[in-house]
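Structure first, commentary second.
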Amino acid sequence: MLWRLNFVQKNTLKLFDAHCDTLSKDGKLQTARRGQFAAYTQVYAIWGDRHCGYKNRFIPQLEKYRNAGSPGLLAVEGAHLLDCSLANLELAAEEGVRLLNFTWNNANLLSGTCAEEPFRGLSELGRKFAAKCAELRVLVDVSHLSEAGFWDVAAVSRMLNVPFVASHSNSKALCDCPRNLTDSQYKAIAKSGGVTGVNLHSGFLAAGGTASVADVTTHICRFLELDENAVGLGTDFDGGITPPEGLETVESLVRLYEALEKTAGEKLADAVFYDNWARVLQ
Ligand SMILES: [Zn+2]
Numbered sequence: 053m054l055w056r057l058n059f060v061q062k063n064t065l066k067l068f069d070a071h072c073d074t075l076s077k078d079g080k081l082q083t084a085r086r087g088q089f090a091a092y093t094q095v096y097a098i099w100g101d102r103h104c105g106y107k108n109r110f111i112p113q114l115e116k117y118r119n120a121g122s123p124g125l126l127a128v129e130g131a132h133l134l135d136c137s138l139a140n141l142e143l144a145a146e147e148g149v150r151l152l153n154f155t156w157n158n159a160n161l162l163s164g165t166c167a168e169e170p171f172r173g174l175s176e177l178g179r180k181f182a183a184k185c186a187e188l189r190v191l192v193d194v195s196h197l198s199e200a201g202f203w204d205v206a207a208v209s210r211m212l213n214v215p216f217v218a219s220h221s222n223s224k225a226l227c228d229c230p231r232n233l234t235d236s237q238y239k240a241i242a243k244s245g246g247v248t249g250v251n252l253h254s255g256f257l258a259a260g261g262t263a264s265v266a267d268v269t270t271h272i273c274r275f276l277e278l279d280e281n282a283v284g285l286g287t288d289f290d291g292g293i294t295p296p297e298g299l300e301t302v303e304s305l306v307r308l309y310e311a312l313e314k315t316a317g318e319k320l321a322d323a324v325f326y327d328n329w330a331r332v333l334q
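Residues 53 to 334, numbered by my numbering, are exactly what the sequence shown covers, in order.
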């Protein structure tokens with residue numbers, strides 16, 4: 053329990069988590085856990101599979117978020133939740149949506165994904181979405197997107213001079229699965245001024261699917277070596293993940309902080325836990 057005592061004495065830890073699926077679950081929004089951090093910003097994603105759309109999924113989850121008193125930032129995980137409509141994207145931005153995954157795992161009118169039609173990049177509509185996102189200051193989130201779609205987003209982002217992000221993706225060099233990013237992809241996000249949030253799902257951390265706190269720091273440190281200003285956290289809590297033992301809750305992230313501080317030092321640990329995402333999203 054020493055870590056807890058240390059933390060209470062310090063109580064200066066700031067947390068910025070760029071992805072959780074709490075809105076699509078029955079659980080309470082993580083407002084009760086705020087007091088433990090000097091600052092805590094949570095991005096809440098509106099999520100649903102291919103059968104879900106604007107009326108039956110976006111609106112109910114938006115209501116849940118509103119009723120909780122808007123305790124964080126809002127994201128949409130898949131443009132099918134906006135019925136792939138530019139008009140709905142405008143409405144979503146007005147409601148405070150700050151990040152948009154063009155796709156979840158299901159392919160849609162904008163693009164293929166890492167899991168379905170992986171060789172299909174952005175359609176004409178996908179490019180229109182990218183331009184509209186830039187205009188509305190909504191960040192394009194490439195987690196779940198096909199690699200072809202990724203490079204199309206990177207090209208549009210370069211042309212429009214706006215950052216893009218991956219809210220919850222890990223290093224493919226360390227764990228070769230379709231949801232993870234190559235070193236070049238991570239560097240392209242960094243170059244745009246964007247950030248990649250490291251995901252706590254064991255299957256995206258270690259090849260055997262059993263991961264430890266050390267595996268999380270290894271993914272973070274690989275990204276730090278490529279670019280120190282472009283890695284943060286995107287836990288994916290409530291997204292059906294299997295987190296490493298000891299990192300099951302928001303509170304327990306202090307263990308990760310302490311491990312990271314030992315490996316990378318306080319300044320970089322603070323950047324990963326808060327400052328990098330804060331620079332892009334606040
Ligand atoms: Zn996801």
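Each residue gets a CB set at the ideal place from its N, CA and C atoms; glycine is no exception.
Minimum C-alpha distance to residue i - residue among the options
i: G201; options: F181, K80 and A91; result: F181
i: A90; options: V306, L320, R331 and G317; result: V306
i: A218; options: K243, V250, S209 and V149; result: V250
i: L162; options: L75, L133, E146 and V149; result: L133
i: L67; options: S198, E318, Y309 and F171; result: Y309
i: T277; options: T262, G261, T287 and T315; result: For clarity, residue 277 is Glu in the given sequence; the question names Thr instead. Taking only the C-alpha atoms, the option nearest E277 is T315.
i: R189; options: K77, G164, L141 and N108; result: L141
i: G245; options: C273, W203, P123 and N328; result: N328
i: L191; options: F154, N108 and E303; result: F154
i: A330; options: V283, G298, S304 and G317; result: V283
i: T74; options: D267, A207 and Q94; result: Q94
i: Y92; options: N222, S236, G124 and N158; result: G124
i: L299; options: L252, G292, E176 and I272; result: L252
Anticipated Cβ contact below 8 Å, residue i with residue j, distance rounded
i: F289; j: C72; result: 4 Å
i: D69; j: T287; result: 5 Å
i: L143; j: A127; result: The Cβ separation is near 15 Å, so there is no contact.
i: A159; j: A206; result: About 19 Å; that fails the 8 Å criterion.
i: S137; j: G173; result: At roughly 20 Å, the Cβ-Cβ gap does not stay under 8 Å, so S137 and G173 are not in contact.
i: A311; j: T269; result: 5 Å
Contact with chain D by residue i, beta-carbon distance below 7 Å
i: L285; result: Here there is only one protein chain, and chain D is not present.
Residue i, enclosing beta strand (DSSP E) - first and last residue
i: Y326; result: No beta strand (DSSP E) holds Y326; DSSP gives it neither H nor E.
i: D69; result: K66 to C72
i: G91; result: In the sequence as displayed, the identity of residue 91 is Ala instead of Gly. A91 -> beta strand (DSSP E) spans A91 to I98.
i: L299; result: Element bounds for L299: n/a, residue is neither H nor E.
i: N153; result: V149 to N153
i: E176; result: Where E176 is concerned, there is no enclosing beta strand (DSSP E), although the alpha helix (DSSP H) it sits in stretches over E176 to L188.
i: L133; result: Premise fails: L133 is in no beta strand (DSSP E) and is neither H nor E.
Endpoints, the alpha helix (DSSP H) within which residue i is located
i: T315; result: L305 to A316
i: T270; result: V265 to L278
i: E146; result: L138 to E146
i: D101; result: From DSSP, D101 is part of no alpha helix (DSSP H); its letter is neither H nor E.
i: A207; result: E199 to L212
Near ligand 2: residue i beta-carbon under 6 Å from a heavy atom
i: V190; result: What this structure holds is ligand 1, not ligand 2.
Taking 8 Å as the threshold, find out whether the region 79-87 comes into contact with the region 228-235 through three or more Cβ pairs. no
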